[in-house]
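Data first, discussion second: the structure below is written as structure tokens.
Number of protein chains: 2
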Amino acid sequence: MDRARVGLKDVARLAGVSVKTVSNVVNGYIHVTPATRTRVEAAIKELNYRPNLSARNLRQGRTGIIALAVPELDTPYFAELAKFVVAAAEERGLTVLIDHTGASREREQLVAEGFRARLIDGLILSPLALTPEDLSARMDDTPMVLLGERVYEGPADHIVVDNVAAAKEATLHLASLGRTRIAAIGSQDTVAAESSRLRLEGYRRALKEAGLPLDDRLVVPAEEYHRADGARAMAELLDSGAAPDAVFCFNDLLALGALRTLLERGLAVPGDVALAGFDDIEDGRYGTPTLTTISPDKRAIARQAVGLLAGRMAGTSGQAREFRVPYQLMIRESSGG
Amino acid sequence: MDRARVGLKDVARLAGVSVKTVSNVVNGYIHVTPATRTRVEAAIKELNYRPNLSARNLRQGRTGIIALAVPELDTPYFAELAKFVVAAAEERGLTVLIDHTGASREREQLVAEGFRARLIDGLILSPLALTPEDLSARMDDTPMVLLGERVYEGPADHIVVDNVAAAKEATLHLASLGRTRIAAIGSQDTVAAESSRLRLEGYRRALKEAGLPLDDRLVVPAEEYHRADGARAMAELLDSGAAPDAVFCFNDLLALGALRTLLERGLAVPGDVALAGFDDIEDGRYGTPTLTTISPDKRAIARQAVGLLAGRMAGTSGQAREFRVPYQLMIRESSGG
DNA sequence: ATCGTTGTATTCAACGTTGTAAAGAAGTGC
DNA sequence: GCACTTCTTTACAACGTTGAATACAACGAT
Numbered sequence: 001m002d003r004a005r006v007g008l009k010d011v012a013r014l015a016g017v018s019v020k021t022v023s024n025v026v027n028g029y030i031h032v033t034p035a036t037r038t039r040v041e042a043a044i045k046e047l048n049y050r051p052n053l054s055a056r057n058l059r060q061g062r063t064g065i066i067a068l069a070v071p072e073l074d075t076p077y078f079a080e081l082a083k084f085v086v087a088a089a090e091e092r093g094l095t096v097l098i099d100h101t102g103a104s105r106e107r108e109q110l111v112a113e114g115f116r117a118r119l120i121d122g123l124i125l126s127p128l129a130l131t132p133e134d135l136s137a138r139m140d141d142t143p144m145v146l147l148g149e150r151v152y153e154g155p156a157d158h159i160v161v162d163n164v165a166a167a168k169e170a171t172l173h174l175a176s177l178g179r180t181r182i183a184a185i186g187s188q189d190t191v192a193a194e195s196s197r198l199r200l201e202g203y204r205r206a207l208k209e210a211g212l213p214l215d216d217r218l219v220v221p222a223e224e225y226h227r228a229d230g231a232r233a234m235a236e237l238l239d240s241g242a243a244p245d246a247v248f249c250f251n252d253l254l255a256l257g258a259l260r261t262l263l264e265r266g267l268a269v270p271g272d273v274a275l276a277g278f279d280d281i282e283d284g285r286y287g288t289p290t291l292t293t294i295s296p297d298k299r300a301i302a303r304q305a306v307g308l309l310a311g312r313m314a315g316t317s318g319q320a321r322e323f324r325v326p327y328q329l330m331i332r333e334s335s336g337g
Numbered sequence: 001m002d003r004a005r006v007g008l009k010d011v012a013r014l015a016g017v018s019v020k021t022v023s024n025v026v027n028g029y030i031h032v033t034p035a036t037r038t039r040v041e042a043a044i045k046e047l048n049y050r051p052n053l054s055a056r057n058l059r060q061g062r063t064g065i066i067a068l069a070v071p072e073l074d075t076p077y078f079a080e081l082a083k084f085v086v087a088a089a090e091e092r093g094l095t096v097l098i099d100h101t102g103a104s105r106e107r108e109q110l111v112a113e114g115f116r117a118r119l120i121d122g123l124i125l126s127p128l129a130l131t132p133e134d135l136s137a138r139m140d141d142t143p144m145v146l147l148g149e150r151v152y153e154g155p156a157d158h159i160v161v162d163n164v165a166a167a168k169e170a171t172l173h174l175a176s177l178g179r180t181r182i183a184a185i186g187s188q189d190t191v192a193a194e195s196s197r198l199r200l201e202g203y204r205r206a207l208k209e210a211g212l213p214l215d216d217r218l219v220v221p222a223e224e225y226h227r228a229d230g231a232r233a234m235a236e237l238l239d240s241g242a243a244p245d246a247v248f249c250f251n252d253l254l255a256l257g258a259l260r261t262l263l264e265r266g267l268a269v270p271g272d273v274a275l276a277g278f279d280d281i282e283d284g285r286y287g288t289p290t291l292t293t294i295s296p297d298k299r300a301i302a303r304q305a306v307g308l309l310a311g312r313m314a315g316t317s318g319q320a321r322e323f324r325v326p327y328q329l330m331i332r333e334s335s336g337g
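Here the protein sequences line up with chains A and B, keeping their order.
Just so we're aligned: 107 in full-length UniProt numbering is position 107 of the first sequence, and the numbers increase by one with no gaps anywhere.
Just so we're aligned: 301 in full-length UniProt numbering is position 301 of the second sequence, and the numbers increase by one with no gaps anywhere.
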């Protein structure tokens, strides 16, 4: 194999034209004779020429690459989201590079501060640990769109789902089944745990609206949002004697973990305890029982994020914007659907 | 914000040195006076300079980016694998760009043929539909490592798990429980479905070794490897009257789908039907019951792939190599563990 | 014929970086 | 003091591409 890189120059020599003409053919410039075009295309094919994107990018000042930074890629919610983002980016001719931050503030800062600067044209960041102050202090001027639940007043565009309303709707749904001891799994007391706080707020408002008392023993924290944490939290809840007859989990993985504990202990779902989650990941749609959950429109999130980012990259200026993306309560078997 | 890009030139002017000296500081060149270094570093900080990677890459002829092309990113197995690949790449200072092929032969060909050529230095491809002929015909000379089950004699390095042995071990485990009517879910008759074929072969060998008859009605195809296919296949199996007392599913998602059908129909797992899967995805470790499965060492797969690729990128030449990665049978509740 | 117009192809410079070679400064050994 | 090495910094060219400016040819209208 030729290890030697073939460039416009080589194609030009073979086709007997200037370098620029080859460039014109490659870029579909209109004023090229069919004859030359054919000749050049033949040469391109013969040499198996591929444009050097680094050179092109250098010249044009853009790379066509955007980064998507998520806490964990192997979390179903983010994997599904990533898929939609990649698809939405492709529609616009953009390539996605994925960073995972592991939910560490340090890594999130690094990404926001332009760790990939001059390689990417834009950044979609799903922050978990980053504080609004971190964001205000941001130096890098790469366009950025924030994803997810948190509401920032800061200077960055962001896409949000109304967590309070969604959590309230899920909790009210459980109440509408006649449940009176509705627990919540997933509270967090870190400064940065905004989405947890918002969902808790929704839960509280729902209880108030339903005329149910607020019992602190029914609110159980979860350090992370994985199945294991949900299983552990559910066990605590049952052992504490709080005797819940429904549980709203702050995400689906917590709910699936909780479900596991409930079934292990011989409790019926939804018979003894009704269950609702948040995220609508595929796992929840095929478990036993299937999981009632809040389904944020992930495709819309991805589309909006990429669209907004593309706009900024194209030079749109102005105030940071917030886009609200719709969600839907999916009632399934775990709450008697 | 300065929208104007700051380059070495600007830093050099501010620090009162030549462009190359700044470059030397940035790259940690040894022979720079502490005094100059400090001065330059101050200037870099003041201007918030970031190297332009496109330019650097153009100059050096490499980008430091590798692509990982997987069929579906939101499939747990690949999401987990992707995470390990990203981590392994980071250890070597490489950045990963993810492509998803949707298991389409066309997209896989596109990727292998250098769709991203001159942007990436190497490619890790997990082929599903690509034929060995496609690979032999490959023109692009970007280093490539193939991932996954398929064994190619072709010209590319690849990382494999011994599918036949693993499938045999899983099936034999089911037989060792005293089950005599062991079904298999996931056969495929596409030309390209190599991994399905290998797992089926392992299943057959196990039956032979256990002295069990081979009953065609016990082998059920699955078009794709998702939960829905598993659920459907299990239903077919039960409706056909084949009366299985154990099922080996060719991946965990199929198994989880099958599990769903079994529980829906009031059958006990593993009491009435024992179940085993393949991949060891996290979902299987927290379902009810937990899932017996073949666990390929994903971290090793990722490490080997990136290492091998890095070697080729550094210029190692020679015959295509095959690396075998270990696996482990994880016995859990679905087979009475 | 002459002028403009349009279409086709070329030359030149520049994007920001780094490898090479070489220049200048400073020390070392005789 | 001289030749020599070592350290520090620089000028220059090149990576492969494309935008701007321009040359040249062909054409139609005057």
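All C-beta atoms, glycine included, are put in the ideal place defined by N, C-alpha and C.
- Collapsed DSSP secondary structure at Asp-272/B in the structure displayed: coil
- Task: Pull up the distance between the alpha-carbon of Tyr-225/B and that of Leu-254/B, whole angstroms please.
- Result: 6 Å
- Query: Any beta-carbon of chain B closer than 9 Å to the one on Ala-228/A?
  - Reply: Look at Ala-228/A: its C-beta is under 9 Å from a C-beta on chain B.
- Chain-ordered neighbours of Val-25/A on chain B, where CB pairs are closer than 7 Å: Taking a Cβ-Cβ cut-off of 7 Å, Val-25/A has no neighbours in chain B, whose nearest Cβ is about 17 Å from it.
- Message: Looking at Ala-167/B: is its Cβ nearer than 9 Å to the Cβ of Phe-78/B?
- Response: In this structure, Phe-78/B does not lie closer than 9 Å to Ala-167/B by Cβ.
- Host beta strand (DSSP E) of Met-144/B (start-end): 144-147
- Compare the C-alpha of Glu-236/A against each of Arg-217/A, Gly-148/A, Asn-251/A, Arg-227/A and name the closest. Arg-217/A
- Supposed contact pair Ile-294/B and Tyr-327/B - C-beta distance, whole angstroms, cut 8 Å: 5 Å
- Query: Under a three-way DSSP split, which group does Gln-319/A fall into?
  - Reply: In this structure, Gln-319/A counts as coil in the three-state DSSP scheme.
- Of the choices Val-11/B, Pro-132/B, Gly-211/B, Leu-146/B, whose alpha-carbon is the least far from that of Asn-48/B? Val-11/B
- Message: Given a cut-off of 9 Å on the beta-carbon distance, is the pair Gly-336/A and Pro-244/A in contact?
- Response: No. Outside cutoff.
- Measure how close the beta-carbons of Ala-258/B and Ile-331/B come, nearest whole angstrom, since I'm counting them as under 8 Å. With 8 Å as the limit, Ala-258/B and Ile-331/B do not qualify as a contact, their Cβ atoms being about 18 Å apart.
- Task: Could you pull out every residue in the same chain whose Cβ sits closer than 6 Å to the Cβ of Leu-81/B, ignoring the five residues on either side in sequence?
- Result: Lys-298.
- Find the residues of chain B that neighbour Thr-316/A, judging by a C-beta separation of less than 9 Å, and give them in chain order. Chain B residues near Thr-316/A: none, gap ~13 Å exceeds 9 Å.
- Query: Which residues bound the alpha helix (DSSP H) around residue 386/A?
  - Reply: Chain A is shown from 1 up to 337; residue 386/A falls before or after that span and cannot be answered.
- Using the beta-carbon count (16 or more within 10 Å), is Ser-195/A buried or exposed? buried
- Can you give, in chain order, each stretch of the alpha helix (DSSP H) that sits fully within the region 149-231 of chain B and has at least 4 residues? 163-176, 194-210
- Task: Assign Glu-72/B to one of two classes, buried (16 or more other C-beta atoms within 10 Å of its C-beta) or exposed (fewer than that).
- Result: buried
- Item | Local Cβ density within 10 Å of Asn-27/B, reported as buried at 16 or more and exposed below that | exposed
- Who pairs with Phe-278/A in a beta bridge, going by DSSP? Ile-294/A
- Message: Against chain A, which members of the region 245-258 of chain B pass a CB distance test of less than 7 Å?
- Response: Leu-256, Gly-257
- Determine the contact status of Leu-198/A and Leu-207/A, defining contact as a CB-CB distance below 9 Å. no
- Just to confirm, are Glu-333/B and Pro-289/B a CB contact at a threshold of 9 Å? Yes. Within cutoff.
- Could you give the distance in angstroms between the alpha-carbon of Val-273/A and the alpha-carbon of Ala-246/A? 5 Å
- Item | Contained beta strand (DSSP E) runs [length at least 3] in the region 16-93 of chain B, N- to C-terminal order | 65-70
- State the Cα-Cα distance for the pair Val-85/B and Gly-93/B, rounded to the nearest angstrom. 12 Å
- Query: With 16 as the cutoff for other CB atoms within 10 Å, does Gly-277/B come out buried or exposed?
  - Reply: buried
- Query: Hey, how far is the Cα of Glu-322/A from the Cα of Val-220/B?
  - Reply: 50 Å
- is_contact[Asp-10/A, chain B] using C-beta, thresh 9 Å: So, not an interface residue.
- Query: Quick one: is Leu-14/A near chain B, going by C-beta distance under 9 Å?
  - Reply: no
- Min CB distance Met-139/B to chain A below 9 Å: yes
- Straight-line CA distance for Gly-241/A to Leu-200/A? 21 Å
- Task: Taking 9 Å as the cut-off, decide whether the C-beta atoms of Asp-121/A and Arg-62/A are in contact.
- Result: yes
- Query: Can a CB atom of chain B be found closer than 9 Å to the CB of Gly-287/A?
  - Reply: yes
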